[in-house]
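So the structure is just underneath, and the comments pick up after that.
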Amino acid sequence: MPRPATLPTIDWKAVFASGLDYAAWLAAAESPDQRDRLEAQRSALVLEPQVAGILAALPRPVHVVAIAEDWCGDVVRHVPVLQRLAEAGPMLEVRYLTRQQWPDVFVRFLTHGGEAIPKFIFLSDRFVECGNWGPMPGACRELIARGKACGDVAAARKKVSARYEADGNRREVVRELLHLVDVAASREP
Numbered sequence: 011m012p013r014p015a016t017l018p019t020i021d022w023k024a025v026f027a028s029g030l031d032y033a034a035w036l037a038a039a040e041s042p043d044q045r046d047r048l049e050a051q052r053s054a055l056v057l058e059p060q061v062a063g064i065l066a067a068l069p070r071p072v073h074v075v076a077i078a079e080d081w082c083g084d085v086v087r088h089v090p091v092l093q094r095l096a097e098a099g100p101m102l103e104v105r106y107l108t109r110q111q112w113p114d115v116f117v118r119f120l121t122h123g124g125e126a127i128p129k130f131i132f133l134s135d136r137f138v139e140c141g142n143w144g145p146m147p148g149a150c151r152e153l154i155a156r157g158k159a160c161g162d163v164a165a166a167r168k169k170v171s172a173r174y175e176a177d178g179n180r181r182e183v184v185r186e187l188l189h190l191v192d193v194a195a196s197r198e199p
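The sequence shown begins at 11 in the numbering used here and counts up by one.
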């Protein structure tokens, strides 16, 4: 039986280094309106004290590559959450890049075969990939998949919107991202 093709190894350190910090990424936004929405979302988001405490006490650095573009509604909704976590955790460093900057990287993180953003790739202090997240919380991704399966994506999107409205402080996203931060910061299995 033939061996499956082996994908090339990703130089995560180089990918991370090629990205922009939040301020530079925001300054490069295509739309001033979207830039304002991103900043309004980030400014309004308040992390719970225990979340801030966990992030402040990370035992080692965690790097996140965020594939994001400001035109996308899910980017506007979720990037501010990631950025707030990074602001609360001095050992959590994020770099933002577009799909076009590293197409060979992005293609590995398609969602059900589609180019959905944002995608957040969590890396250890040694730039080892430890997990990824996006473009929306797991329960919402499942709703979209179920909508596709039954041929009613519009109804699935309505349910996703309802979930978003019910979770104004993004607790579900914070919980999922914090879990991946914890994995990437692990000192033992």
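Yeah, the Cβ is synthetic: ideal placement off N, Cα and C, and Gly gets one too.
From a predicted model like this one, the values you see are computed outputs, not experimental measurements.
Residue of Pro100, Pro128, Leu30, Pro199 minimising C-alpha distance to Val85: Locating residue 85 in the sequence shown gives position 75, where the first residue counts as 1. Considering only alpha carbons, the answer is Pro128.
CB contact flag (Leu188, Val89, <8 angstroms): In the sequence shown, counting from the first residue as 1, residue 188 sits at position 178. In the sequence shown, counting from the first residue as 1, residue 89 sits at position 79. Not closer than 8 angstroms, so no.
3 or more residues per run - each beta strand (DSSP E) lying fully within the stretch 86-151: 102-107, 129-133, 139-143
Assigned exposure category for Ala166 - 16 Cβ within 10 Å defines buried: As a first step, residue 166 must be located in the sequence shown, where it is residue number 156. Buried, since its Cβ has 16 or more Cβ neighbours within 10 Å.
Spatial neighbours of Leu133 in its chain, beta-carbon cut-off 8 angstroms, leaving aside the 5 residues before and after: Looking up residue 133 in the sequence shown gives position 123. Only Trp22, Phe26, Val72, His73, Val74, Val75, Glu139, Cys140, Ala194 meet the Cβ criterion.
Short Cβ contact (8 angstroms threshold) for Leu57 with Ala98: Against the sequence shown, residue 57 aligns to sequence position 47. Against the sequence shown, residue 98 aligns to sequence position 88. Yes, they are a contact pair.
Rounded C-alpha distance that separates Arg156 from Arg181: The count along the sequence shown starts at 1 and reaches residue 156 at position 146. The count along the sequence shown starts at 1 and reaches residue 181 at position 171. If you take the alpha carbons of Arg156 and Arg181, they lie about 23 angstroms apart.
Ala126 and Pro145 closer than 8 angstroms at C-beta: The residue given as residue 126 occupies position 116 in the sequence shown. The residue given as residue 145 occupies position 135 in the sequence shown. Contact flag set, yes.
Length of the line joining the Cα atoms of Asp192 and Gln44: Looking up residue 192 in the sequence shown gives position 182. Looking up residue 44 in the sequence shown gives position 34. Distance between the alpha carbons of Asp192 and Gln44 is about 30 angstroms.
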